[in-house]
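Student: Protein chains in written order, with UniProt numbering: chain H, 1 to 202; chain C, 1 to 202. Quick reminder that beta carbons are idealized off the backbone N, C-alpha and C, glycines included. A single structure is presented below for examination.
Okay, structure coming up:
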């Protein structure tokens, strides 16, 4: 077969894969790990079960790939938006708010289901560990860039990490109820402390 | 039957209940929500299944009661230790470290399993919501007392909440790997910010 035929097939395959991955994140966030199977995701994505299993032989493969894929998409999108960030003191507030919203959303809810399932499932844990490390690294690197933080100064690396750990804790508090108002107040207080930290070093 | 007979029976019943609740927290933390049933907990506690079901008719009853019971025990223990806290600037460091350790431990891992299961189980969610509110309130009140924080000052309430949200985020980061070293560094940085906040208002 020539290029003209092969190319569209690869595109179709890539599109199918992307639909499955996006549906897998939706599924995890909505029905949790126990109810999330390759079949359920295939149906949600409008893909045959056979095609889904061709792309992802196991449930663990599908859901870890889904969190990785949607995280990469999100990081790429946010990195592209970095040049549009406001300058000056508004920047820290803007970045902290954006991080808070990210961990209050669907991707975090889905990842939380996977992490917590992995705590008592050794097979899943083996696949989630490198994913957790990668997602954590990407979130940290993006936050450093967004804040324009210089990690060579003492305490700056820890302050950036605290921002992300705080956002994850707030994400957890937003799991069962809408915690938006309280989250904004807590993040406003943290922004003051973080701005002071970054300013003394500028 | 006279008092002399009834009293020991009530004590036995109370002891059985306590054993079931402690075993339920261990079970949740170790095997997760899916593998945690009344039967599994009864066996672990050395109690007959019938006796367990007499105390806790449903799985939801048993595990929400278990988190409530162990939280109350912990809060009571920590409140009793308040008079032994060091005075002066060491106090904030001590309290922040203690909170960090609490959310790195078994009770938080168990509660996390229950909260995350409740996100996609409406029946469980109805029972977890008031429990989450109560546990959050108790943790907040105890932290205010431990820090000797005056919440009438602007931002102090939010700084106390941020301490707990940060500790929950760090607890999450400690779920699949031992994150102790990084947690200590992040909490040390947070202690500096929190001490500054509390000191400007003293």
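Shorter than 7 Å from the beta carbon of residue 79 of chain H to some beta carbon of chain C?
Tutor: It does not; no Cβ of chain C falls within 7 Å.
Student: Since I believe residue 129 of chain H is in contact with residue 176 of chain C (beta carbons under 8 Å), could you give me their beta-carbon distance rounded to a whole number of angstroms?
Tutor: 6 Å between Cβ atoms; contact.
Student: Taking three-plus beta-carbon pairs below 8 Å as touching, is the segment 186-197 of chain H in contact with the segment 149-167 of chain H?
Tutor: Segments in contact, yes.
Student: For residue 121 of chain C, is the classification buried or exposed, using 16 other Cβ atoms within 10 angstroms of its Cβ as the cut-off for buried?
Tutor: Looking at its Cβ environment, which holds 16 or more other Cβ atoms inside 10 Å, residue 121 of chain C is buried.
Student: My understanding is that residue 138 of chain C touches residue 75 of chain C, with C-beta atoms under 8 Å, so please give their C-beta distance in whole angstroms.
Tutor: Yes, residue 138 of chain C and residue 75 of chain C are in contact; Cβ-Cβ is about 5 Å, under 8 Å.
Student: Taking residue 33 of chain H as part of the alpha helix (DSSP H), name the residues at either end of that continuous run.
Tutor: Per DSSP, residue 33 of chain H belongs to no alpha helix (DSSP H) and is neither H nor E.
Student: Count Cβ pairs between the segment 66-82 of chain H and the segment 92-109 of chain H that sit closer than 8 Å; are there 3 or more?
Tutor: Output reads yes: the segment 92-109 of chain H touches the segment 66-82 of chain H.
Student: How big is the Cα-Cα spacing for residue 114 of chain H and residue 39 of chain H?
Tutor: Answer to the nearest angstrom: the Cα atoms are 17 Å apart.
Student: Taking the alpha helix (DSSP H) that residue 107 of chain C falls in, what are its first and last residues?
Tutor: Per DSSP, residue 107 of chain C belongs to the alpha helix (DSSP H) from 106-118.
Student: Within its chain, find whatever has a CB closer than 7 Å to the CB of residue 168 of chain H; leave out the 5 residues flanking it on each side and keep chain order.
Tutor: So the qualifying residues of the chain are 103.
Student: Give the list of continuous alpha helix (DSSP H) stretches no shorter than 4 residues that lie fully inside the segment 138-190 of chain C.
Tutor: Whole alpha helix (DSSP H) segments, 4+ residues: 156-173.
Student: Roughly how many whole angstroms lie between the Cα atoms of residue 140 of chain H and residue 184 of chain C?
Tutor: One C-alpha to the other measures close to 18 Å.
Student: Examine chain H for any beta-carbon lying closer than 7 Å to the beta-carbon of residue 198 of chain C, and answer yes or no.
Tutor: No - not a single Cβ of chain H is within 7 Å of the one on residue 198 of chain C.
Student: If you follow the alpha helix (DSSP H) that residue 70 of chain C is in, where does it begin and where does it stop?
Tutor: Its alpha helix (DSSP H) spans residues 59-81.
Student: Using a Cβ-Cβ cutoff of 9 Å, what residues of the segment 86-118 of chain C are near chain H? List them in chain order.
Tutor: Residues passing the 9 Å Cβ filter: 103, 109, 112, 113, 115, 116, 117 and 118.
Student: So with CB distances below 9 Å, who are the chain H contacts of residue 126 of chain C?
Tutor: Those do not exist, as residue 126 of chain C stays about 10 Å from chain H at its closest Cβ, beyond 9 Å.
Student: Taking 7 Å as the CB-CB cut-off, is residue 18 of chain H touching chain C?
Tutor: Not closer than 7 Å to any Cβ of chain C, the Cβ of residue 18 of chain H fails to qualify, so no.
Student: Tell me the rounded alpha-carbon separation between residue 21 of chain H and residue 63 of chain C.
Tutor: C-alpha separation (whole angstroms): 33 Å.
Student: Can you say whether residue 50 of chain C is buried or exposed, counting buried as having 16 or more other CB atoms within 10 angstroms of its CB?
Tutor: With fewer than 16 Cβ atoms within 10 Å of its Cβ, residue 50 of chain C is classed as exposed.
Student: Closest by CA to residue 42 of chain C, which one among C:147, C:178 and C:23?
Tutor: Of the listed residues, the one whose Cα sits closest to residue 42 of chain C is C:23.
Student: According to DSSP, is residue 87 of chain H helix, strand or coil?
Tutor: Three-state DSSP puts residue 87 of chain H in coil, outside helix and strand.
Student: Is residue 94 of chain C helix, strand or coil when you go by DSSP?
Tutor: Three-state result, residue 94 of chain C: helix.
Student: Under 7 Å, Cβ to Cβ, is there at least one residue of chain C near residue 142 of chain H?
Tutor: Taking Cβ atoms only, chain C never reaches closer than 7 Å to residue 142 of chain H, which makes this a no.
Student: Under 7 Å, Cβ to Cβ, is there at least one residue of chain H near residue 61 of chain C?
Tutor: False, the Cβ-Cβ gap to chain H never drops below 7 Å.
Student: What residues from the segment 131-158 of chain H come within 7 Å of chain C, judged by C-beta to C-beta, listed N to C?
Tutor: So the list reads 132, 155 and 158, given in the order they occur along the chain.
Student: Classify residue 16 of chain H: buried if its beta carbon has 16 or more other beta carbons within 10 angstroms, exposed otherwise.
Tutor: Buried: at least 16 other Cβ atoms inside 10 Å.
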